[in-house]
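In terms of our numbering, the sequence shown has 601 at position 1, counting the first letter as 1, and numbering is strictly consecutive.
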Amino acid sequence: MKIAVFSCKPYDKRTLENVAESESGIEFHFFESRLSLETMTLAKGFDGVSCFVNDDLNRDVILELAALNIKCIALRCAGYNNVDLVSARANGISVFHVPDYSPTSVAEHAVALILALNRKTHRAYNRVKDNNFALEGLLGFNLEGKTVACIGTGRIGQAFCRIMKGFGCHVLCYDISPNDQLIEMGCEYTDLHDIYRKADIISLHCPLNASTHHLINERTLKEMKDGIMIINTSRGALVNAQEAIDNIYTGKIGYLGLDVYEQEGNIFFEDMSDHIVYDSVFQLLLTFPNVIVTGHQGYFTDIALQHIAETTLNNLISFKNGVPIPDHTL
Numbered sequence: 601m602k603i604a605v606f607s608c609k610p611y612d613k614r615t616l617e618n619v620a621e622s623e624s625g626i627e628f629h630f631f632e633s634r635l636s637l638e639t640m641t642l643a644k645g646f647d648g649v650s651c652f653v654n655d656d657l658n659r660d661v662i663l664e665l666a667a668l669n670i671k672c673i674a675l676r677c678a679g680y681n682n683v684d685l686v687s688a689r690a691n692g693i694s695v696f697h698v699p700d701y702s703p704t705s706v707a708e709h710a711v712a713l714i715l716a717l718n719r720k721t722h723r724a725y726n727r728v729k730d731n732n733f734a735l736e737g738l739l740g741f742n743l744e745g746k747t748v749a750c751i752g753t754g755r756i757g758q759a760f761c762r763i764m765k766g767f768g769c770h771v772l773c774y775d776i777s778p779n780d781q782l783i784e785m786g787c788e789y790t791d792l793h794d795i796y797r798k799a800d801i802i803s804l805h806c807p808l809n810a811s812t813h814h815l816i817n818e819r820t821l822k823e824m825k826d827g828i829m830i831i832n833t834s835r836g837a838l839v840n841a842q843e844a845i846d847n848i849y850t851g852k853i854g855y856l857g858l859d860v861y862e863q864e865g866n867i868f869f870e871d872m873s874d875h876i877v878y879d880s881v882f883q884l885l886l887t888f889p890n891v892i893v894t895g896h897q898g899y900f901t902d903i904a905l906q907h908i909a910e911t912t913l914n915n916l917i918s919f920k921n922g923v924p925i926p927d928h929t930l
């Protein structure tokens, strides 16, 4: 079974080659290009494709894949909002993902953003390189005793809550399905309005859907404390970036940590250092001293890459053998 691997970086190639077994019957071919209508011809002659978060799998792409007799799409990620699942099902293309590769990796990155923003680590690093050891402007606060809210308590959210409880924070949670273990740990489930009123820090760990699109916006920010810290390591479109910027200017948002961005598709995972990024909203975000943006690296640990590769291979083997894994099939 021949699989065209799109959006493939050297680290993806290494890990997939390391886990691939000759007897598995899966043959990987690697392409650095993202899958789109423009790169569709690369999939010709393959049985399936493997894609990542910013590959374009809209209706038109799905129809072209079907015309090329592609039978499956193996996502190397948990999110699938870039896939037209209705079109895939209608055209007999199976889609599977990696629902759980390393929740702790993303949770720890969210905490890293909190710590860096709070203690101004990014600014201190640059100061010291210039032999500036002054502390003025670097004042932080103790996390112990602060109210931290986690919106979305799936596996990543649960890991985040456990870490923040370890800091001595009061943890508020919101999810349509409360987790008993978090309740036993002392986390408190409540509604979003209560979270907006009480939280000092809000970390987003929910999926992107119609109800969560632009969850952080002008209206919801009005309910929050002045100087709120917002962390998003989940999906870029959970935050209305322009309205977030407006609220940074007013001081409503005191700190903003983003590992994802709504229009990241043509920016993240690429070296853009010799290019102009034609996104005025994104460029403006980078100018604020109280904003840290990382390039969708929250998942990027050795354990996570290994698990992604292993799960992708197992998904393909299971599909080839006619026994797809239910929890991994969309």
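Glycine residues also receive a C-beta, built at the ideal position from the N, C-alpha and C atoms.
The structure displayed is predicted, hence computed values, not measured ones.
Contact set for residue i: own chain, Cβ-Cβ below 6 Å, skip 5 residues either direction
i	result
residue 857	713, 717, 831, 892
residue 756	703, 706, 707, 805
residue 903	702
residue 627	602
residue 629	604
residue 647	601, 602, 671
residue 607	634, 652, 655
residue 613	630
residue 842	881
residue 748	764, 769, 771, 801
One or two residues paired with residue i in a DSSP bridge
i	result
residue 832	804, 858
residue 648	603, 672
residue 787	Answer is none; residue 787 lacks a bridge partner.
residue 695	673
residue 627	602
residue 774	751
residue 657	683
residue 917	Beta-bridge pairing links residue 917 to no other residue.
residue 929	696
Environment of residue i [buried if 16+ CB atoms lie within 10 Å]
i	result
residue 797	exposed
residue 683	buried
residue 811	exposed
residue 840	buried
residue 609	exposed
residue 923	exposed
residue 864	buried
residue 905	buried
residue 753	buried
residue 729	exposed
residue 735	exposed
residue 871	exposed
residue 859	buried
residue 645	exposed
residue 776	exposed
residue 795	buried
residue 899	buried
residue 771	buried
residue 838	buried
residue 615	buried
residue 711	buried
residue 866	exposed
Top-ranked residue by Cα proximity to residue i, from the options
i	options	result
residue 833	912, 742, 896	896
residue 880	845, 910, 905	845
residue 601	928, 927, 913, 925	913
residue 820	792, 915, 835	792
residue 828	850, 817, 855, 843	855
residue 689	662, 872, 711, 709	662
residue 603	790, 634, 650, 612	650
residue 652	693, 735, 675	675
residue 643	624, 657, 665	665
residue 862	612, 928, 654	654
residue 894	693, 776, 868, 740	868
residue 723	925, 889, 918, 915	889
residue 786	761, 818, 807, 885	761
residue 744	917, 733, 769	769
residue 693	721, 658, 727, 720	658
residue 774	759, 794, 751, 758	751
residue 835	878, 807, 908, 739	807
residue 885	847, 866, 907	847
residue 917	615, 617, 621, 641	621
Cβ shell of residue i (< 7 Å), same chain only, five flanking positions each side left out
i	result
residue 780	none
residue 930	680, 685, 695, 696, 697
residue 660	637
residue 587	This structure gives no information on residue 587, because the portion of the chain shown stretches from 601 to 930.
residue 778	789
Beta-carbon contacts of residue i that lie in its chain and below 8 Å, excluding the five residues immediately before and after
i	result
residue 910	619
residue 920	601, 625, 626
residue 783	789
residue 678	697, 698, 699, 700, 701
residue 818	840, 843, 846, 847
Original post:
Pairing CB atoms from the region 824-838 with CB atoms from the region 797-808, are three or more of them under 8 Å?
Top reply: The region 824-838, when compared against the region 797-808, does touch it at the 8 Å Cβ threshold.
Original post:
When the Cβ atoms of the region 761-777 are set against those of the region 668-686, are three or more pairs found closer than 8 Å?
Top reply: Counting C-beta pairs with one atom in each stretch, the region 761-777 and the region 668-686 have fewer than three that are closer than 8 Å, which means they do not touch.
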